[in-house]
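Residue numbers for the sequence shown follow our numbering, beginning at 644 and rising by one. Idealized CB from N, CA, C, for every residue including glycine.
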Amino acid sequence: FLESGVNLYNEVKACLPKGEEVFLTACSGCHGHYAEGKLGPGLNDSYWTYPKNATDKGLFETIYGGAQGMMGPHNYLTLDETLKLMAWIRHLYTGDVADAAWLSEEQKKSFKPFKPDEHASEEGSASPADEGECKVSAN
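1. Near Y677, what residues of its chain come up, given a Cβ to Cβ distance below 8 Å and the 5 sequence neighbours on each side ignored?
2. Am I right that A669 and Y693 are in contact with their C-beta atoms under 8 Å? What's the rounded C-beta distance?
3. Can you check whether the CB of G680 is closer than 8 Å to the CB of M714?
4. How long is the line joining the alpha carbons of K755 and R733, rounded to whole angstroms?
5. From the DSSP output, in three-state form, read off E654 for me.
6. For a test of the three-state rule: what should DSSP assign to A781, helix, strand or coil?
7. Helix or strand or just coil, what does DSSP make of P759?
8. Please return the same chain residues whose Cβ sits closer than 6 Å to the Cβ of G701, not counting the five positions on each side in sequence.
9. How is W691 classed by DSSP in three states: helix, strand or coil?
10. Buried or exposed: where does V665 fall if 16 or more other Cβ atoms within 10 Å of its Cβ makes it buried?
11. Relative to the C-alpha of L716, which residue among T705, K661 and G662 is closest?
12. Whose C-beta lies closer than 6 Å to the C-beta of K656 among residues of the same chain, with five residues either side of it excluded?
In structure tokens, the structure reads:
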């Protein structure tokens with residue numbers, strides 16, 4: 644990621660449970676359980692308060708360094724946690740897949756906009772993230 648600016652965890656299903664866990668502890672208080680927005684802006688549609696957040700590099704910068712206004716830096720998260728968090732935020736997207744710049748063309752073919760009611764029915768059947776599939780290579 645540090646060289647490419649591309650989050651390899653986007654839409655890797657085995658990585659999403661850990662990303663959701665980080666989101667619920669670090670972000671949902673302000674952004675809502677499904678990133679619909681509360682005190683902080685919504686993160687699940689095609690409108691970005693900070694347009695750079697449409698890219699993985701931009702979203703990482705905002706999470707790590709904080710945003711103007713109320714959101715402070717979340718630089719206490721490890722790189723791995725931050726990337727899984729970002730993958731979860733991307734997974735929560737409800738907009739038009741054509742606007743999802745962070746997805747590859749291959750990922751866009753199978754992407755389905757997030758639906759909270761469907762997620763709630765899947766929660767009991769979700770398997771924990773396979774740590775082997777979700778580790779960032781040090782090379």
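Based on what the coordinates show:
1. Your numbering for residue 677 matches position 34 in the sequence shown. Only residues of its own chain outside the window of five on either side were considered, and among them N687, L735, F757, P759 and H762 have a CB closer than 8 Å to the CB of Y677, listed in chain order.
2. Position 26 of the sequence shown, counted from the start, is the residue given in the question as residue 669. Position 50 of the sequence shown, counted from the start, is the residue given in the question as residue 693. Not quite, the Cβ-Cβ distance comes to about 18 Å (not below 8 Å), so this is no contact.
3. On the sequence shown, position 71 is the one that residue 714 refers to. On the sequence shown, position 37 is the one that residue 680 refers to. Against a cut-off of 8 Å, the Cβ pair of G680 and M714 comes out as no contact.
4. Residue numbering aside, residue 755 sits at position 112 when the sequence shown is read from its first letter. Residue numbering aside, residue 733 sits at position 90 when the sequence shown is read from its first letter. Those two C-alpha atoms are separated by around 11 Å.
5. Walking along the sequence shown from the start, residue 654 turns up at place 11. Residue state, collapsed to three classes: coil.
6. As a first step, residue 781 must be located in the sequence shown, where it is residue number 138. Caution is warranted here: a pLDDT of 45 is assigned to A781, below 50, making its placement in the model unreliable, and no coordinate value can be reported.
7. By one-based count along the sequence shown, residue 759 stands at place 116. Helix.
8. As a first step, residue 701 must be located in the sequence shown, where it is residue number 58. For G701, where only same-chain residues beyond five positions count, the Cβ hits under 6 Å are K695.
9. As a first step, residue 691 must be located in the sequence shown, where it is residue number 48. Of the three classes helix, strand and coil, the one that applies to W691 here is coil, per DSSP.
10. As a working mapping, residue 665 is identified with position 22 in the sequence shown. For V665, the number of other beta carbons within 10 angstroms of its own is at least 16, and it is reported as buried.
11. For this step, residue 716 is matched to residue 73 along the sequence shown. The sequence shown places Pro at residue 716, rather than the Leu named in the question. Checking every option, the nearest Cα to that of P716 belongs to T705.
12. The residue you call residue 656 lines up with position 13 of the sequence shown. So no residue of the chain qualifies.
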